[in-house]
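Residue numbers (the UniProt record's numbering): 1 to 528. The C-beta atom is built at its ideal place from N, Cα and C for all residues, glycine as well.
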């Protein structure tokens, strides 16, 4: 039996109907609790946006990264994908995903060599980078080194660089170097140490600094092996952001497909932001331990909203676009503040999402898909998980089809991990229903300290994972080290996010006070 919901749209002023395509056990949409739940979902989403200035700073960082890649000898353009494209904003505590696009996409082996070399170059420039060259998709992970937050004013040293030569320069050489920096890289000031072997240069922009650091390797036959920002902790925009960089364009195409689909419902991004926060806190997002990646929850959210009729199916027409035809950087899209709109519907759909993946979705037979709501594992030939015999992915216990390709995004989840994901949705739904009469408390807790099902830490050996190159103990120790690095990086990003929230709130208060003062002055002038 389907529940038909009568909804009044404040924006359209018309009556519309939504049918949940399953027998639901949650209270109907006219229950008074859903408006409160929806309002606080909107509020938590608004606090997740770092703002336009921080978003636009990512565009500058993209150009700086492209300078590094091209100066290293690779004919590639750098594009942004992932959350910035899908959400149209920089999420508080989130990182930025960059991809290098070449005329011919490199294979895994070649991409691994490229990311290793580029990671070394980034470390030479003072960045905290590490290359995962043997990963299924070779990637560079870079942590922020700057103590300044995105969107805040740049330090006066952020456009200053230090250049050390292999020998002392004479006066003619220093003058020609100064002229070269001024004419080609917009240097505004060049200072030398006493023996004229070190030059400290100030540029008119941070991007000009990065260009000079990466491109000026020698002058008149004299090598310049040491080239760094004067203070990386107060460095250019690229130093202020945690980011990943790879050479696989599939994520770029998927990002624009999902962004276009999510744009059809004004609250899709609000719901997605809540789900991602819950996923991180509940442990559902934890690819290091064989659970989901953040991207998987994005696809799950889109599938759910398509299932309940809030979004159209993902159009595959754009999937044939060459990545070079896509924008280098997306447009900033501020979130709707919910005023005058039906936030009760959003509250209801929040609970319905957890009900769907906790009680309705058939993990044994069905596939989470954004183009076909009734896709079966059998159709994809995913009935059996070869990983159950070997202990290694791919598993097909939880099938999530990639919108663009034919991969299973949930391939890392074995049977126990899939049960954990399902149970996490069940306990989240129960918590929302039990506490729904206090919506602020409910939403704060579901995004900060949600209930968790039991999860037993498993060794690699117990999961059937072994290596021919090292002993089980060595493999386990290496995995534990990687886990520590993974969780430390996540904690650092969360602290970064908390600082950003405080900074954004302080800026909002200052702006509000300034507007009040200006209003008072104007009002006082008009009375005179």
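Distance check for residue 221 and residue 332, CA to CA, integer angstroms please.
Numbered from 1 along the chain shown, position 332 holds the residue referred to as residue 332. Numbered from 1 along the chain shown, position 221 holds the residue referred to as residue 221. Cα to Cα, the separation comes out at about 45 Å.
For residue 293, which residues from the same chain have a beta carbon less than 6 Å from its beta carbon, with the 5 sequence-adjacent residues on both sides left out?
Counted from its first residue, the chain shown places residue 293 at position 293. Only residues of its own chain outside the window of five on either side were considered, and among them 287 have a CB closer than 6 Å to the CB of residue 293, listed in chain order.
Three-way DSSP call (helix, strand, coil) for residue 455 in this model
As a position in the chain shown, residue 455 is number 455, starting the count at 1. Three-state result, residue 455: coil.
Does the CB of residue 240 have a neighbour CB from chain B at under 8 Å?
Judged by its chain identifiers, the structure shown contains no chain B, having just a single protein chain.
Is residue 131 helix, strand or coil by DSSP?
Working through the chain shown from its first residue, we reach residue 131 at position 131. Of the three classes helix, strand and coil, the one that applies to residue 131 here is strand, per DSSP.
Nearest CA to the CA of residue 25: which residue from 323, 437, 353?
The sequence position of residue 25 within the chain shown is 25, counting from 1. Looking only at 323, 437, 353, the smallest Cα-Cα distance to residue 25 is reached by 353.
Alpha carbon to alpha carbon, what distance is there between residue 360 and residue 301?
Against the chain shown, residue 301 aligns to sequence position 301. Against the chain shown, residue 360 aligns to sequence position 360. So the two alpha carbons sit approximately 14 Å from each other.
Whose C-beta lies closer than 7 Å to the C-beta of residue 11 among residues of the same chain, with five residues either side of it excluded?
If you number the chain shown from 1, residue 11 lands on position 11. Residue placement at residue 11 is poorly supported in this model, since its pLDDT is 40, which falls under 50; the coordinates still yield a value, given next. Hits under 7 Å: 340, 341.
Would the beta-carbon of residue 75 fall within 8 Å of that of residue 157?
By 1-based counting over the chain shown, the position of residue 75 is 75. By 1-based counting over the chain shown, the position of residue 157 is 157. The answer is no: Cβ separation not under 8 Å.
Could you give the distance in angstroms between the alpha-carbon of residue 33 and the alpha-carbon of residue 21?
Position 33 of the chain shown, counting from 1, holds the residue named residue 33. Position 21 of the chain shown, counting from 1, holds the residue named residue 21. If you take the alpha carbons of residue 33 and residue 21, they lie about 22 Å apart.
With distances taken between CB atoms, is the gap from residue 397 to residue 415 smaller than 8 Å?
Sequence index remark: in the chain shown, residue 397 carries index 397 (1-based). Sequence index remark: in the chain shown, residue 415 carries index 415 (1-based). Contact check for residue 397 against residue 415 passes: the beta carbons are separated by less than 8 Å.
With 16 other CB atoms within 10 Å as the buried threshold, where does residue 6 fall?
Here residue 6 refers to the residue found at position 6 when the chain shown is read from its first residue. Low local confidence applies: a pLDDT of 38 at residue 6 is under 50, so the model's placement there is unreliable, with the coordinate-based value given in what follows. Looking at its Cβ environment, which holds fewer than 16 other Cβ atoms inside 10 Å, residue 6 is exposed.
Once the 5 residues before and after residue 58 are set aside, which same chain residues still bring their CB inside 7 Å of it?
Here the question's residue 58 lines up with position 58 in the chain shown. Within the same chain, Cβ atoms closer than 7 Å to the Cβ of residue 58 are found at 80, 84, 90, 96, 241, the five residues on either side in sequence being excluded.
Assuming residue 161 and residue 201 are in contact, meaning their beta carbons sit under 8 Å apart, how far apart are those beta carbons, in whole angstroms?
The residue given as residue 161 occupies position 161 in the chain shown. The residue given as residue 201 occupies position 201 in the chain shown. That pair is a contact at about 5 Å.
Measure from the alpha carbon of residue 259 to the alpha carbon of each residue in 285, 227, 149, 370, then state which is nearest.
Here the question's residue 259 lines up with position 259 in the chain shown. Closest option to residue 259, Cα to Cα, is 370.
Which residues DSSP lists as bridging residue 100, in chain order
Along the chain shown, one-based indexing puts residue 100 at 100. Residue 100 pairs with 78.
Assuming the contact rule is C-beta atoms closer than 8 Å, residue 124 and residue 72 should be a hit. Round their C-beta distance to whole Å, please.
One-based indexing of the chain shown puts residue 124 at position 124. One-based indexing of the chain shown puts residue 72 at position 72. Residue 72 and residue 124 do not touch by the CB rule: their CB atoms are close to 11 Å apart, not below 8 Å.
Taking 8 Å as the threshold, find out whether the segment 197 to 211 comes into contact with the segment 103 to 114 through three or more Cβ pairs.
The answer is no - the segment 103 to 114 does not touch the segment 197 to 211, with fewer than three Cβ pairs under 8 Å.
Using beta-carbon positions only, say whether residue 363 and residue 250 come within less than 8 Å of one another.
In the chain shown, the residue the question calls residue 363 occupies position 363. In the chain shown, the residue the question calls residue 250 occupies position 250. Pairing residue 363 with residue 250 gives a Cβ-Cβ distance that is not under 8 Å.
Quick one: is residue 441 buried, meaning 16 or more other Cβ sit within 10 Å of its Cβ, or exposed?
Against the chain shown, residue 441 aligns to sequence position 441. Residue 441 is exposed by the Cβ-count criterion.
State buried or exposed for residue 100, treating a residue as buried only when at least 16 other CB atoms are found within 10 Å of its CB.
For the purposes of this step, residue 100 is identified with residue 100 of the chain shown, where counting begins at 1. Looking at its Cβ environment, which holds 16 or more other Cβ atoms inside 10 Å, residue 100 is buried.
CB-CB under 7 Å to residue 106, same chain, minus the five flanking residues each way: which ones, in chain order?
Within the chain shown, numbered from 1, the residue matching residue 106 stands at position 106. Non-local C-beta neighbours of residue 106 in its own chain, meaning closer than 7 Å and more than five positions away in sequence, comprise 114, 247, ordered along the chain.
Count the other CB atoms, across all protein chains shown, that sit within 10 Å of the CB of residue 456; report buried if there are 16 or more and exposed otherwise.
Within the chain shown, the letter at position 456 stands for residue 456. Classification of residue 456: exposed, given that the 10 Å Cβ count is below 16.
Residue 211: which of 196, 228, 173 sits nearest, CA to CA?
Mapped onto the chain shown, residue 211 falls at position 211. Of the residues 196, 228, 173, the one whose Cα lies closest to the Cα of residue 211 is 228.
In the DSSP output, which residue or residues are listed as bridge partners for residue 219?
The sequence position of residue 219 within the chain shown is 219, counting from 1. Partner residues in the beta bridge of residue 219, as assigned by DSSP, are 222.
Just list the alpha helix (DSSP H) runs in the segment 307 to 378, keeping only unbroken ones of 4 residues or longer that don't cross its boundaries, in chain order.
Complete alpha helix (DSSP H) runs here, min 4: 343 to 355.
Please tell me whether residue 60 and residue 237 are closer than 8 Å, where the distance is taken between their beta carbons.
Taking the chain shown and counting its residues from 1, the one referred to as residue 60 is at position 60. Taking the chain shown and counting its residues from 1, the one referred to as residue 237 is at position 237. It is a contact, given that the beta carbons lie within the stated cut-off.
For residue 427, does the three-state DSSP call read helix, strand or coil?
Residue mapping note: residue 427 aligns to position 427 of the chain shown, counting from 1. DSSP places residue 427 in helix when its eight states are reduced to three.
Hey, how far is the Cα of residue 349 from the Cα of residue 375?
Within the chain shown, numbered from 1, the residue matching residue 349 stands at position 349. Within the chain shown, numbered from 1, the residue matching residue 375 stands at position 375. One C-alpha to the other measures close to 22 Å.
In the DSSP assignment, what residue or residues form a beta bridge with residue 149?
Residue numbering aside, residue 149 sits at position 149 when the chain shown is read from its first letter. Residue pairing of residue 149 in beta bridges, as defined by DSSP: absent, with no partner found.
Using a 10 Å radius around the Cβ and a threshold of 16 neighbouring Cβ atoms, would you call residue 477 buried or exposed?
Within the chain shown, the letter at position 477 stands for residue 477. Exposed.
Looking only at its own chain, which residues have a Cβ that is under 6 Å from the Cβ of residue 514, when we skip the five neighbours before and after it?
In the chain shown, the residue the question calls residue 514 occupies position 514. Bear in mind that a pLDDT of 48 at residue 514, under 50, signals an unreliable position, so the model cannot answer this.
With three or more C-beta pairs closer than 8 Å as the rule, is the segment 425 to 441 touching the segment 37 to 44?
In short, these stretches touch, since the Cβ pair count reaches three.
Return yes when the Cβ of residue 86 is within less than 8 Å of the Cβ of residue 298, no when it is not.
Here residue 298 corresponds to residue number 298 of the chain shown, with the count starting at 1. Here residue 86 corresponds to residue number 86 of the chain shown, with the count starting at 1. Between residue 298 and residue 86, the C-beta gap is smaller than 8 Å, which places the two residues in contact.
Pairing CB atoms from the segment 269 to 276 with CB atoms from the segment 38 to 55, are three or more of them under 8 Å?
Yes, the segment 269 to 276 is in contact with the segment 38 to 55.
What is the rounded straight-line gap between the Cα of residue 312 and the Cα of residue 274?
Stepping through the chain shown from its first residue, residue 312 is reached at position 312. Stepping through the chain shown from its first residue, residue 274 is reached at position 274. Rounded to whole angstroms, residue 312 and residue 274 show a C-alpha spacing of 21 Å.
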